[in-house]
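Structure first, commentary second.
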């Protein structure tokens with residue numbers, strides 16, 4: 315793959331928002347609640363790369379990759395769509411152990427082929443299930459082992475991004491915690507990422523997706539060269555667009 319600083323996010327408005335697209339030598343994390351658009355963003359970027367003839371590895375832990383959605387976004391002929399689909403290697407682990415194996419398959423392909431994009435949607439769902447089992451049995455060794463495995467996966471992705479200039483996009487779930495303000499006694503709701511500190515450490519770009527009764531918003535929370543900012547958007551057949559323009 316040719317060396318370049320960014321790849322297209324698959325949308326004019328999103329590329330403008332990100333000042334050119336996703337950076338190629340880092341991990342970008344998209345996080346938010348279910349229905350906020352995380353998988354749509356992943357399929358949008360994967361489609362953009364596959365349409366250009368570039369190879370994409372898509373590790374799908376939640377069943378978020380839809381061939382029908384791919385066809386909608388692609389908008390090509392049947393033959394063009396089939397050719398583009400062949401450029402996407404989809405791996406579908408259903409347990410954290412299988413996710414480990416999927417990473418080994420990913421490494422094999424990265425060594426043998428020219429890969430333009432790696433997507434993991436989502437990085438922490440199967441980890442969360444495995445960790446929950448360990449916590450329920452109060453197995454401290456297993457808890458440490460599960461956390462260590464996730465850290466190793468993120469370290470591997472970081473090395474691939476930095477050394478081979480392959481952009482890595484991961485999605486992540488969120489959970490809410492509630493605390494009471496001692497001054498006014500009001501309850502405050504705080505949204506956090508699953509595996510928060512690990513993801514924050516390894517991700518050089520953090521993007522939060524929000525969905526408030528169908529009104530979606532993307533918030534750039536962390537970036538190496540761009541300020542914190544936000545964009546209201548809507549999902550359309552061909553991808554996404556800035557809300558309020560049409």
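Residue numbers (the numbering used here): 315 to 560.
Every residue gets a Cβ at the ideal spot worked out from N, C-alpha and C, and that includes glycine.
Since the model is a prediction, treat every value here as computed from it, not as a measurement.
N-terminal and C-terminal residue of the beta strand (DSSP E) that residue i is part of
i, result
"residue 430", "429 to 435"
"residue 533", "529 to 536"
"residue 550", "543 to 550"
"residue 372", "369 to 374"
"residue 555", "553 to 556"
"residue 403", "402 to 405"
Own chain partners of residue i with C-beta closer than 7 Å, once the 5 adjacent residues on each side are dropped
i, result
"residue 319", "337 and 338"
"residue 423", "371, 403 and 429"
"residue 522", "345, 346, 533 and 535"
"residue 551", "386"
"residue 475", "339, 340, 341, 481 and 482"
"residue 333", "540"
"residue 322", "329, 335 and 362"
"residue 456", "448"
"residue 489", "506 and 508"
8 Å Cβ shell around residue i - same chain, five flanking residues per side excluded
i, result
"residue 518", "337, 340, 341, 342, 536, 537 and 538"
"residue 460", "410, 441, 444, 445 and 448"
Residues of its chain near residue i, where Cβ-Cβ distance is below 6 Å and the 5 sequence neighbours each way are ignored
i, result
"residue 426", "none"
"residue 383", "357"
"residue 485", "344, 352, 435 and 436"
"residue 557", "546, 547 and 548"
"residue 378", "353 and 435"
DSSP bridge partner residues for residue i (one or two, in chain order)
i, result
"residue 485", "344"
"residue 524", "531"
"residue 517", "341"
"residue 385", "Its beta-bridge partners do not exist; DSSP assigns none."
"residue 321", "336"
Where the alpha helix (DSSP H) through residue i begins and ends
i, result
"residue 448", "439 to 450"
"residue 454", "454 to 478"
"residue 539", "Where residue 539 is concerned, there is no enclosing alpha helix (DSSP H), given that its DSSP letter is neither H nor E."
"residue 398", "392 to 399"
"residue 422", "410 to 426"
(message) Across the region 333 to 350 and the region 546 to 555, are there enough close Cβ pairs to call them in contact, namely three or more that are closer than 8 Å?
(response) no
(message) Does the region 370 to 378 come into contact with the region 399 to 409, if we say contact requires no fewer than three beta-carbon pairs (one atom in each stretch) closer than 8 Å?
(response) yes
(message) Closer than 8 Å is the cut-off here; do at least three beta carbon pairs connect the region 320 to 337 with the region 460 to 473?
(response) no
(message) Suppose only complete runs of 4+ residues qualify. What are the alpha helix (DSSP H) ranges in the region 330 to 381, listed by chain order?
(response) 352 to 365
(request) Please confirm if the region 384 to 395 is in contact with the region 413 to 422, defined as three or more CB-CB distances below 8 Å between the two stretches. (result) no
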